[in-house]
Ligand SMILES: C[S@@+](CC[C@H](N)C(=O)[O-])C[C@H]1O[C@@H](n2cnc3c(N)ncnc32)[C@H](O)[C@@H]1O
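Numbering (my numbering), first residue to last: 1 to 213.
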């Protein structure tokens, strides 16, 4: 079983987060700035060229995808979101749509990495099939969409088979009072039975890694 421990620390989280914060000054909409940025960027640093495909459920205005797209190593990005405008930023009133996210990503995609925005409820089989049709498996995957217990668990059940051996899966908002469902879902999953090694909580994220064999 692969037990590559990634050296997370509060300092790393803060450094990575402040490094990217300026990126979002001109974002149309909002970045949900949390520990997911530091964790994802630390994992990208750890994986280096081995992160060929990044995916996420819950793209919002694109910030988490944009943070990763800054690195120059070749990588394909997949953002899955409902993208129908029902979610929006209350301050700017910018809706979460494919057009908004595309505008944000294109402005920041300085290395011209390929990316796909998959529109749909992650729990619908049609959405999963759209993702499968891309023919990709993920080296790094963020679950940051439906924060209910059933929703987060279902995202894991449906999308974890698409994680490559050795790939990392990150749940955002673990242990946050506002989103008790995420912790309840994560704590209820038998990761080892599903072939995942638990790195555990890191700030307000929870990190697991698919075994290599
Ligand atoms: C917390 S935001 C994501 C923040 C983003 N990852 C970031 O770091 O900036 C949650 C997003 O999940 C999306 N979402 C919620 N439920 C979903 C579902 N069942 N399927 C797909 N997307 C969903 C919402 O539209 C919203 O954009």
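All C-beta atoms in this analysis are idealised placements derived from N, C-alpha and C, irrespective of residue type, glycine included.
CA-CA distance, residue i and residue j?
i, j, result
"residue 52", "residue 160", "17 Å"
"residue 28", "residue 114", "21 Å"
"residue 173", "residue 140", "17 Å"
"residue 210", "residue 167", "5 Å"
"residue 181", "residue 189", "12 Å"
"residue 203", "residue 92", "28 Å"
"residue 99", "residue 118", "12 Å"
"residue 35", "residue 205", "7 Å"
"residue 107", "residue 24", "11 Å"
"residue 74", "residue 80", "20 Å"
"residue 196", "residue 96", "32 Å"
Specify the secondary structure class of residue i as computed by DSSP and reduced to three states.
i, result
"residue 108", "helix"
"residue 59", "coil"
"residue 208", "strand"
"residue 81", "strand"
"residue 195", "coil"
Judging by CA-CA distance, which residue of the options is the nearest neighbour of residue i?
i, options, result
"residue 162", "194, 186, 145, 39", "194"
"residue 154", "165, 138, 164, 171", "171"
"residue 151", "18, 57, 77, 89", "57"
"residue 200", "39, 147, 44, 102", "39"
Measuring only from the beta carbon, is residue i closer than 7 Å to any heavy atom that is part of ligand 2?
i, result
"residue 122", "In terms of ligand content, the structure shown lacks ligand 2 and carries ligand 1 instead."
Entirely within the stretch 13–51 and at least 4 residues each: give me those alpha helix (DSSP H) ranges in chain order.
35–47
Would you mind listing the alpha helix (DSSP H) stretches within the stretch 107–186 that are 4+ residues and don't spill past its ends, in chain order?
125–133, 149–159
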